[in-house]
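Residue numbers (this note's numbering): 7 to 132. Here a beta-carbon is modelled for each residue, glycine too, at the ideal position from N, C-alpha and C.
Shown next as structure tokens:
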């Protein structure tokens with residue numbers, strides 16, 4: 007038996023993008039109908055009809071800026087998460103320091119081996 011409720015919930019779920027697109031198409035369609043004269047407006051503000059998309063974009067920009075500012079000012083500090091992050095940073099810094107020290111020791115040993123092999127073992131005649 008096919009569970010149609012599950013299929014409807016999974017594949018036909020309306021996302022925020024779909025909601026915004028529906029609203030945008032409805033507004034744009036009504037604006038086009040006003041401009042072309044298919045819908046007769048009871049108001050005599052013809053300039054408003056022509057500037058409607060620009061006004062709408064301006065208001066949307068103000069709305070977006072206010073939402074971002076509100077979220078920034080009401081952002082919660084997580085002291086426990088900050089402490090855990092500091093511990094992880096210190097742990098990994100110690101790990102990196104150990105690797106750097108090991109690389110320094112290996113480099114020093116390679117230099118000493120190179121110097122030792124470059125020394126001539128022939129006897130010196132005076």
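Setting aside the 5 residues that flank it on each side, residue 82 has no residue in the same chain whose C-beta is closer than 6 Å to its C-beta. Excluding residues up to 5 positions away in sequence, 58 lie with their Cβ nearer than 6 Å to the Cβ of residue 37 in the same chain. Taking the Cβ atoms as the reference, residue 62 lies roughly 13 Å from residue 40, outside the contact range of under 8 Å. In the DSSP assignment, residue 67 falls within the alpha helix (DSSP H) that extends over 52-79. A direct Cα-to-Cα measurement between residue 110 and residue 94 gives close to 24 Å.
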